[in-house]
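Undergrad: Residue numbers (this note's numbering), protein chains in the order written: chain A, 12 to 329; chain B, 15 to 539; chain C, 2 to 299; chain D, 42 to 536. Each residue gets a CB set at the ideal place from its N, CA and C atoms; glycine is no exception. The model shown is predicted, which means the values in this text are computed figures rather than measured ones.
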Amino acid sequence: MTRLILKRLLVSLVVLWLVTLLVFVATLLLPGDPARAILGQQATPERIAALQHQLHLDEPVWQRYLSWLGGLFTGDLGTSTSTQGPVTTLLADRVSASLVLLVLAAVIATPLGLAFGTWTAMRRGRAGDQVVSGVSLVIAALPEFVIGVALIVLFATTVFRVLPSVTLTPPGEAVWAQPSQLVLPVLTLVLVVTPYITRMMRATMSEVLDSGYVEMARLKGMRERTVLLRHALPHAVGPVAQVVAIQLAWLAGGVVVVEFLFRYPGIGQALIDAVGKRDVAVVQAVTLLIAAVYIVVNLLADVIGILADPQLRTEALR
Amino acid sequence: MTTAMTKALEVTGLAVRTTAGRPVLRSVSYEIAPGEVLALVGESGSGKTTAGLAALGHFRRGLASGGGQVVLHPRDGEPVDILTLDDAARRQLRGNAVAYIPQDPALSLNPALRVGRQIAEVLETHGYAGAAGERVAEVLAEVGLPSDEAYQRRYPHQLSGGQQQRVGIAMAFACRPSVVVLDEPTTGLDVKTQALVLETVRQLTSEHGVAALYITHDLAVVAQLADRVAVMYQGDLVECGVADDVLRRPKHAYTKRLLAAVPDLGAEPAAAPPPDDAVIAARDIRMSYGQHKVLRGIDLAVTRGESVMLLGESGSGKTTLSQCIAGLNRGFTGTVALEGTPLAPAARQRSTDELRRIQYVFQSPFSSLNPRKTIAQSIEVPLVRLTSLSRTERRKRVAETLDRVRLRPDLANRLPDQLSGGERQRAAIARALVTTPDVLVCDEVTSALDVSVQATIVELLGELRRELGMAMLFVTHNIALAPEVADRIAVLRGGEIVEEGAVEAVLNSPSHEYTSELLATTPRL
Amino acid sequence: MTAVEEERVVPAVPETPPRAAGLIRTAWAFPQAKVGTVLAGVVVLVALLGPWLGPILTGHTTTDFAGKPFKPGGLMGTDGLGRDVLTRFLAGGTTLLLYAVLATALGIVLGALLGMIAGYGGGWLDSLLMRGNDVLLSFPQLVIALLAIAVIGPKGWLLVLVIGLTHAPRTARVARQATVSVRNHDYIRAAEMYAVPRGRILLREILPNITGPLMVELGLRLTYSIGYIASLSFLGLGIQPPAADWGLMINENRIALVVQPWGVLLPVVAIAVLAVGTNLVADSLASAAAGRTREDRG
Amino acid sequence: GSTVAAAVPSGPPRRGGTLRVGVTGGGASDTLDPHIPATNPDIARVLNLYEPLLLRDHDYRLQMLVAESLKSSPDARTWTAVLRQGIRFHDGRPVTPADVVATFRRITDPKDPKSGAAGLSMLGEVAATGDRTVEFRLTSPNSGFDDLLGQYSLGIVPADFDVKRPIGTGPFKAETFTAGLQSTFVRNEHYWRPGEPYLDRLSLINFADDDARINALLSSQVDAIDQVPVALVDVLRSDPRIQVLRSETGTWLPFTMRVDRPPFNDVRVRQALRLVVDREQMINQVLSGQGRVGNDLYAPFDPAYNRQLPQRKQNIAEAKRLLAEAGKPNLDIELVTAPIQAGAVEAAQVFQQQAKAAGVNVRIRKIDTTTFYGENYLSWDFAQDFWYTRNYLPQVASGALPKAPYNETHWNDPEFTGLVTRASATVDPKARTELLHRAQQIEYERGGLIVWGFVDQVDAYQSYVAGFVPDRTGISLSGYQFRQVWLGTAEGGAA
Ligand SMILES: Nc1ncnc2c1ncn2[C@@H]1O[C@H](COP(=O)(O)OP(=O)(O)OP(=O)(O)O)[C@@H](O)[C@H]1O
Ligand SMILES: Nc1ncnc2c1ncn2[C@@H]1O[C@H](COP(=O)(O)OP(=O)(O)OP(=O)(O)O)[C@@H](O)[C@H]1O
Ligand SMILES: [Mg+2]
Ligand SMILES: [Mg+2]
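Laid out in structure tokens, this is it:
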């Protein structure tokens, strides 16, 4: 088992390294001069040259990659070309802001999805199942900005004017200091994510509930609740860990649109801004961050999967 | 109360239908006395499992009761019609008064729970009076398994198939039920394990006076175990009576067919063919999967026109060896020679003529034909690859071969899933024969098929061999087939040939103890 | 929804995988397949006939001016430049649909090929392809699009390429899984025994047997492509003005949602209906592939 | 106009309160540096923290700020500024001539020239000549030098200025600053204008997205926003809680044709394309009518603006004739556009549509703003640009002389250059106007710009906010001059 996990870890590290390479190359291709981008219409040749030197844009590529990679190990993500300060300071608040959004969405959507999924799996074919499944199918098809715009119209600008539609955070104050402004972004993400968890949970649970051992447990005369809790649910742990992982990974990348829509000061907005400004260091950092979240979360899910499977868990015993 | 003691289960007019309304059971009635074993036989899909589960008042998803009574006489208590009870009351009886032993223990044991726990669960659910731990150990011992703590802490995947099945039986007997339903508990087990399980069942039922409904389609098992037999056919009980009666003097046509299909060890062996030099010869074949040595130096030769039976229990390496011969395995050492010419190990390296002359029939007809190709298309592949026949010639050859394996020409354009198992196996055999090979390797070609179909395939192969005069290596684990198909027997055990000789000699005076054991445990009518 | 996907119920490949034709027939038995087809069909009709119908119905082309911006002239008012919303709506589905279909096709073909090669080849080839796949997968789809569009600019072919490419690794996973589950079937070994060339085995023996999962994937990918292209346009990175395009229309008219909602509502509803329709069809395909029949559900 | 008249605060200004302003744009590159403002939020911050010697007021007239007066020598080579009596920096130190000298040294530092340096190329030396006097010595005569000094990016800072301690003489002092998000300011107690500013505190919030900004206003999360999308003006007008501030400005969004590249090197092609434009329609479609038509000339508020030239109108027949004459009857050109300013991409599309009538096929190439201002900026053959209100000569210095930093059209006309150079050296207003009229006529006849109109600036604020007045500079919200703004009761009613 430990070998299995170690192997998985190693693979993740290799993938992560390849990702750094890819991120670096991809950002190199960004056209336009960051120095010009910073200066905008106000750029004069002298100011551009001065800035380029200051940003080490005149060094060879491999040297830039190595020093960037080296910096990653020491927690130095480079210097933002547009703030001309460290990327870490620029991103610190944004990362925690995005995390708040993600964690809230995950914390709400996961149990909700699991509950809906289990509930519908238990009453497959009945009215309740059909309603929940139908609704989740429809919501799952909608692009997130459609959901977001609909919520804004409904709750912020037109129908009811009860919730703020944008996030305004005074400096030094955390995004969660005014919880009401988190409602709509979180709700949008929850609506995007829950249907998937519901559907996956329903499918997993349906399969488990149809399995021989659940039927056997029933034939042993056990109560439906015991059957569910002791025999069925443990088998959903692995698959559910996978779904939740994918959802989390998606959330990390998918917040871009939602943050843009709600002007939420997170990494997604930073990314769009940075791509526009050719702020290579920030693009690299954010992309890498999102990719790392994906890799780590998937790694965790796999480890949970391994731990939850007695066959793999007991491998070491034999 | 006296009548209650003579009947443990009484089923009258039981009907089951799908929720869409299609009848699955029409009107099934039977009864079982305590200590008695009633065998329920019938072809696949006839409704055996459905009838068995109804005895527990359980219907699978999509099925529902269509009337009738299932009266249970618990050991201590009033008789009840389980179908009239509510869910909670049914639960009370299940696992307690009436228990179920599933067909496939690998699927029915929860892979995430330790086996001891799973047995203890039944006891806890039904509020077992004594110490549950002791009872678990006791019942494990009863089914002939180690009862120690360490064993109880194993997970299902750490047990062999036979052990898993016995855990299932232990679970069923844990609460000392008055009725057990055993759903083909020995299918998928090898003969020896099967014998062990059957022994356990017989002992437990008679010792504790338990009524057993034993579902199977293997009449040989029935002859050994059952007191009475009930035959099901398409949702109806067509015949029911004392085992001897039914087996000796079957009334229903289906029962007769079933009986005719059972291979008989006592049959006259086929006449030995004239000896000739080896057309195919394997020399010192060794092969391992990682650390696991599967073949440990096999020498085997088949002469022209001869049929050799390769006999061995599951996992002994039969398939591995035959695939080495067919060129489907790479990593083996030793040589396979065709009329003295050594062959390359992998099929891709062999010449088309070599490929043409050795043909292999796969174990399962359900996976050896591409589900997306018509039968004719599949049969045509070897012709396209290995011969230079024109399209029309190929068509003609395919038609001839279909005729040879007794397949109707109109089946040629069907897809495999539109054929029955037997028909598919014939198609697979046709594919092997279409290039008129010199050597035919048949890998357990009957084991995936129903008993009644088995017989026809064996018969067909015998005829074809005589007609075409090819050499045949017939791989099986069923020694009962020997007289019908083989001239010689080679017994494979643990990757070695432990015994080899003419059929008669081996059957009458086996030299290796494994062979004698096999002969002893093989159920006969 | 641009990226939430692989968690979709990947149907366990049953004993005999359903044939594409059979799969469609089975899927058709689900009511949601019919509803989905009707919904998607209506939108597809609008998208295909719209460019031709628009000028006839409204008397305006997609680029001429029907009035002042965001004024309630004509049936559905005017857009931010005073062009007729209805005309632009009618003309605006073709590109979205075309790009979505092309991107989906690209992703499926590429992904199926990669997945089949990895699944059938096995060994180091499998590891190599699948690790490469992991690397691509760990890039969020939107980030790839953002970067690519920043590098090259919002070209139609680029949208198709980027979306197709981001679909490919996800499809490859499914295709690989399906291939692995048929790879060890004896009919593949039989073909090997007859020395059938590997390419032929892939195309003739394996491909027909994984059409079930691939069809399901196709349906899903189409749904995602639609949402994805629309999302990119929403961020201003998709189809570019003055083209009439649903995604772009939402972006252009979003600002006047309160005054002239049609410019947003029409395309949003069309995209939603199309996406829901394709999703319903994909779902019934998935159910059919998973071997659930109607009877079973009822 | 609004149908329901909102109760607007009246009476004397009230002191106190916090004004929250939503400002368009900005990002991680936001700065508090007085001399390199780039985005709207930068400009807003600079205007409230710092003051240059003089600056254009709401009516686009020069108004003395840090300087009390600015006088030119008769040859227009030496300009002398007298500093305002008693003016102090935020920390209470008085402004000295040395500070002014240091400020201009910082701006024109050859190693790191700031934005304003480009416009001061003729500045030779800045010298302190007295307690309160500073002398600007020019290398070439320039009668419009006062105009060049009147830029917001030339704010006077102390000699020991450090951007970490952003000190100036503006009405507000910096309190907090988060790049890309928000900045807050408090009242400068040392401000020289008595009583001002009225607000205790000012908060500037960045908005990248138009929708978000409007929504923030509608949901009362901000008190004022700049740059209302023209399409929404009517909506906001009809909302009694909201006041709309519309200012006529000299802001223009020209199409720029490179006069040195085919097909635009043929003056007939340029004239044809100018005739193709239906300016009224441009104003209507692009600006929803919120603007005034242009006559291919800029600087409409300059006293020397040439009003005698006839207004150019769409004339397809004439355009076709010119094109045919030039041998390009089926002209096919690419127009590079980017969302550099609201209306830019829209104008490109309307132009495309109008050009069709004359058989001209315009292909629109939309790129992002960064690419637009990237390496190819100033070398696109046919593109657009965007300028705030300026007077004629400074604008010429920026964009219409061979050496001008932003000469998008590569305009190099010796006759024009001669006229402008003479005018720069001419101190007599009448003579100068005469020269400038002739220069404008040349541009009107052969120039590479299509100036189809001037954009009105539309901003909006909550009804309880008072003190905003229309401003011609093109800078939003009364030129971001929040010193005059005050808050009535938050209920929207007046005292
Ligand atoms: N859940 C179900 N829904 C609908 N029909 C079913 C269901 N389960 C079984 N059937 C049908 O009922 C019939 C009897 O099935 P059953 O499993 O009882 O047969 P069996 O005799 O046990 O077969 P086998 O020997 O293959 O186990 C079959 O025709 C089968 O197709
Ligand atoms: N691909 C494989 N990898 C590892 N071990 C294998 C593989 N194939 C077979 N084995 C092992 O090799 C041994 C022999 O397998 P083989 O399939 O030849 O047995 P068999 O006699 O044909 O059994 P059966 O009667 O079940 O078909 C078994 O222990 C099996 O577990
Ligand atoms: Mg059964
Ligand atoms: Mg085998």
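With distances taken between CB atoms, is the gap from Gly-185 of chain D to Ser-465 of chain D smaller than 8 angstroms?
TA: Indexing the fourth sequence from 1 puts residue 185 of chain D at position 144. Indexing the fourth sequence from 1 puts residue 465 of chain D at position 424. Yes, they are a contact pair.
Undergrad: Counting only Cβ pairs nearer than 8 angstroms, list the residues of chain B close to Met-194 of chain C.
TA: For the purposes of this step, residue 194 of chain C is identified with residue 193 of the third sequence, where counting begins at 1. Residues of chain B passing the Cβ test: Ala-340, Gly-341, Leu-342, Ala-361, Leu-369 and Tyr-374.
Undergrad: Take Val-286 of chain A and list the residues in its own chain whose beta-carbon comes closer than 7 angstroms to its own, dropping the five residues that flank it on each side.
TA: Counted from its first residue, the first sequence places residue 286 of chain A at position 275. Counting only Cβ-Cβ distances below 7 angstroms, and skipping sequence neighbours, we find Val-294.
Undergrad: Quick check: the segment 118-131 of chain C against the segment 56-76 of chain C, are there 3 or more CB pairs under 8 angstroms?
TA: No, they do not touch.
Undergrad: Closest Cβ-Cβ distance between Pro-170 of chain B and chain C: below 8 angstroms?
TA: Counting from one through the second sequence, the residue named residue 170 of chain B turns up at place 156. It does not; no Cβ of chain C falls within 8 angstroms.
Undergrad: When DSSP labels each residue in this structure, what does Ile-153 of chain C get in the three-state scheme?
TA: The count along the third sequence starts at 1 and reaches residue 153 of chain C at position 152. Helix, per DSSP.
Undergrad: I need the straight-line Cα distance from Ala-30 of chain C to Gly-94 of chain C, nearest angstrom please.
TA: Residue mapping note: residue 30 of chain C aligns to position 29 of the third sequence, counting from 1. Residue mapping note: residue 94 of chain C aligns to position 93 of the third sequence, counting from 1. Between Ala-30 of chain C and Gly-94 of chain C, the C-alpha separation is close to 29 angstroms.
Undergrad: Going along chain B in order, which residues have a C-beta closer than 7 angstroms to the C-beta of Pro-209 of chain C?
TA: Numbered from its first residue, the third sequence carries residue 209 of chain C at position 208. The answer, in chain order, is Arg-386.
Undergrad: Which residue comes first and which comes last in the beta strand (DSSP E) that contains Pro-37 of chain B?
TA: For the purposes of this step, residue 37 of chain B is identified with residue 23 of the second sequence, where counting begins at 1. Pro-37 of chain B -> beta strand (DSSP E) spans 37-46.
Undergrad: Looking at C-beta atoms only, is the number of pairs between the segment 433-451 of chain B and the segment 362-377 of chain B that lie closer than 8 angstroms three or more?
TA: The segment 433-451 of chain B vs the segment 362-377 of chain B: in contact.
Undergrad: Would Met-250 of chain C and Phe-140 of chain C be called neighbours here (beta carbons separated by less than 8 angstroms)?
TA: In the third sequence, residue 250 of chain C corresponds to position 249, counting from 1. In the third sequence, residue 140 of chain C corresponds to position 139, counting from 1. It is not a contact, given that the beta carbons lie outside the stated cut-off.
Undergrad: Given a threshold of 16 other Cβ atoms within 10 Å of its Cβ, counted over all protein chains shown, does Thr-3 of chain C qualify as buried or as exposed?
TA: By 1-based counting over the third sequence, the position of residue 3 of chain C is 2. Low confidence applies to Thr-3 of chain C: its pLDDT is 38, below 50, so where it sits in the model is not reliable enough to give any reading.
Undergrad: Taking the beta carbon of Ser-402 of chain D as the centre, do at least 16 other beta carbons fall within 10 Å, making it buried, or is it exposed?
TA: Mapped onto the fourth sequence, residue 402 of chain D falls at position 361. In the sequence as presented, Ser is not what sits at residue 402 of chain D; that position holds Asn. Per the 10 Å Cβ criterion, exposed.
Undergrad: At the 8 angstroms Cβ level, is Gly-239 of chain C part of the contact set with chain A, yes or no?
TA: Position 238 of the third sequence holds residue 239 of chain C. With 8 angstroms as the cut-off, Gly-239 of chain C does not count as an interface residue toward chain A.
Undergrad: For Pro-175 of chain A, which residues in chain B fall below 9 angstroms Cβ to Cβ?
TA: To locate residue 175 of chain A, count along the first sequence from 1; it is residue 164. Chain B residues near Pro-175 of chain A: none, gap ~47 angstroms exceeds 9 angstroms.
Undergrad: Quick one: Cα of Val-448 of chain B to Cα of Leu-397 of chain B, how far?
TA: Numbered from 1 along the second sequence, position 434 holds the residue referred to as residue 448 of chain B. Numbered from 1 along the second sequence, position 383 holds the residue referred to as residue 397 of chain B. The straight-line gap from Cα to Cα measures roughly 7 angstroms.
Undergrad: Relative to chain B, which residues along the segment 216-227 of chain A have a C-beta separation below 9 angstroms, given in chain order?
TA: Of all residues in the segment 216-227 of chain A, Leu-220, Asp-221, Ser-222, Gly-223, Tyr-224, Val-225, Glu-226 and Met-227 have a Cβ within less than 9 angstroms of some Cβ in chain B.
Undergrad: For Leu-203 of chain B, verify whether its CB is less than 7 angstroms away from any heavy atom of ligand 1.
TA: Residue 203 of chain B sits at position 189 when you count from the first residue of the second sequence. No, Cβ of Leu-203 of chain B sits at least 7 angstroms from all heavy atoms of ligand 1.
Undergrad: From the DSSP output, read off the bridge partner residues of Tyr-232 of chain D.
TA: Here residue 232 of chain D refers to the residue found at position 191 of the fourth sequence. Per DSSP, none; premise fails for Tyr-232 of chain D.
Undergrad: Thinking C-alpha only, which one of C:Pro-155, C:Gly-55 and C:Gly-81 is nearest Gln-326 of chain D?
TA: Counting from 1 along the fourth sequence, the entry for residue 326 of chain D is found at position 285. Of the candidates C:Pro-155, C:Gly-55 and C:Gly-81, the one whose C-alpha sits nearest the C-alpha of Gln-326 of chain D is C:Gly-81.
Undergrad: List, in chain order, every chain C residue whose beta-carbon is nearer than 9 angstroms to that of Leu-383 of chain B.
TA: Counted from its first residue, the second sequence places residue 383 of chain B at position 369. Neighbours of Leu-383 of chain B on chain C, chain order: Asp-187, Tyr-188 and Ala-191.
Undergrad: Using the Cα positions of Phe-488 of chain B and Thr-334 of chain B, report the straight-line distance between them to the nearest angstrom.
TA: Here residue 488 of chain B refers to the residue found at position 474 when the second sequence is read from its first residue. Here residue 334 of chain B refers to the residue found at position 320 when the second sequence is read from its first residue. Each residue's alpha carbon lies about 14 angstroms from the other.
Undergrad: Is Gly-59 of chain B buried or exposed, if buried means 16 or more other CB atoms sit within 10 Å of its CB?
TA: Counted from its first residue, the second sequence places residue 59 of chain B at position 45. It counts as exposed.
Undergrad: Please tell me whether Gln-468 of chain B has its Cβ less than 8 angstroms away from any Cβ of chain A.
TA: Locating residue 468 of chain B in the second sequence gives position 454, where the first residue counts as 1. False, the Cβ-Cβ gap to chain A never drops below 8 angstroms.
Undergrad: When you compare only the Cα positions, how much space is there between Val-217 of chain C and His-168 of chain C?
TA: Taking the first residue of the third sequence as 1, we reach residue 217 of chain C at position 216. Taking the first residue of the third sequence as 1, we reach residue 168 of chain C at position 167. Distance between the alpha carbons of Val-217 of chain C and His-168 of chain C: 14 angstroms.
Undergrad: Excluding five sequence neighbours on each side, which residues of the same chain lie with their C-beta closer than 6 angstroms to the C-beta of Ala-134 of chain B?
TA: On the second sequence, residue 134 of chain B is found 120 positions in, with the first residue counted as 1. Excluding positions up to five away in sequence, the list reads Ala-146 and Val-150.
Undergrad: Among the residues of its own chain, which have a CB less than 6 angstroms from the CB of Leu-238 of chain C, if the five just before and after it don't count?
TA: Sequence index remark: in the third sequence, residue 238 of chain C carries index 237 (1-based). Here the set comprises Ile-150 and Pro-155.
Undergrad: Check distances from the C-beta atoms of the segment 134-145 of chain B to those of chain A and list, in chain order, the residues that come in under 8 angstroms.
TA: Cβ contacts with chain A come from Glu-135, Val-136, Thr-139 and His-140.
Undergrad: Going by CA-CA distance only, name the one from A:Val-308, A:Val-157, A:His-67 and A:His-242 that's closest to Leu-202 of chain A.
TA: Looking up residue 202 of chain A in the first sequence gives position 191. Looking at the Cα atoms, A:Val-157 is the closest of the given residues.
Undergrad: With 8 angstroms set as the bound, which would you pick, yes or no: does the beta-carbon of Pro-396 of chain B sit closer than that to a beta-carbon of chain C?
TA: The residue given as residue 396 of chain B occupies position 382 in the second sequence. It does; some Cβ of chain C falls within 8 angstroms.
Undergrad: Based on the DSSP secondary-structure assignment, which residues constitute the bridge partners of Cys-254 of chain B?
TA: Here residue 254 of chain B is taken as the residue at index 240 of the second sequence, counted from 1. Beta-bridge pairing links Cys-254 of chain B to B:Ala-244.
Undergrad: Starting from the beta carbon of Phe-213 of chain D, find every residue of chain A whose beta carbon is closer than 9 angstroms, and list them in chain order.
TA: Along the fourth sequence, read from residue 1 onward, the residue named residue 213 of chain D stands at position 172. Residues of chain A passing the Cβ test: none, with the nearest at roughly 16 angstroms.
Undergrad: Is there at least one non-hydrogen atom of ligand 1 closer than 7 angstroms to the beta-carbon of Thr-27 of chain C?
TA: In the third sequence, the residue the question calls residue 27 of chain C occupies position 26. It does not: the Cβ of Thr-27 of chain C is nowhere closer than 7 angstroms to a heavy atom of ligand 1.
Undergrad: Give me the Cβ distance between Val-465 of chain B and His-231 of chain B, rounded to the nearest whole Å; I'm assuming they're in contact under 8 angstroms.
TA: For the purposes of this step, residue 465 of chain B is identified with residue 451 of the second sequence, where counting begins at 1. For the purposes of this step, residue 231 of chain B is identified with residue 217 of the second sequence, where counting begins at 1. The pair is a contact, with the Cβ atoms about 6 angstroms apart (cut-off 8 angstroms).
Undergrad: Going along the segment 370-404 of chain D in order, which residues come within less than 7 angstroms of chain C, judged by CB to CB distance?
TA: Going along the segment 370-404 of chain D in chain order, one finds Val-386, Glu-387, Gln-390, Val-391, Gln-393 and Gln-394 with a Cβ nearer than 7 angstroms to chain C.
Undergrad: Note down, in chain order, all residues in the segment 83-113 of chain D with a beta-carbon under 8 angstroms from any beta-carbon belonging to chain A.
TA: Hits within the stretch: zero.
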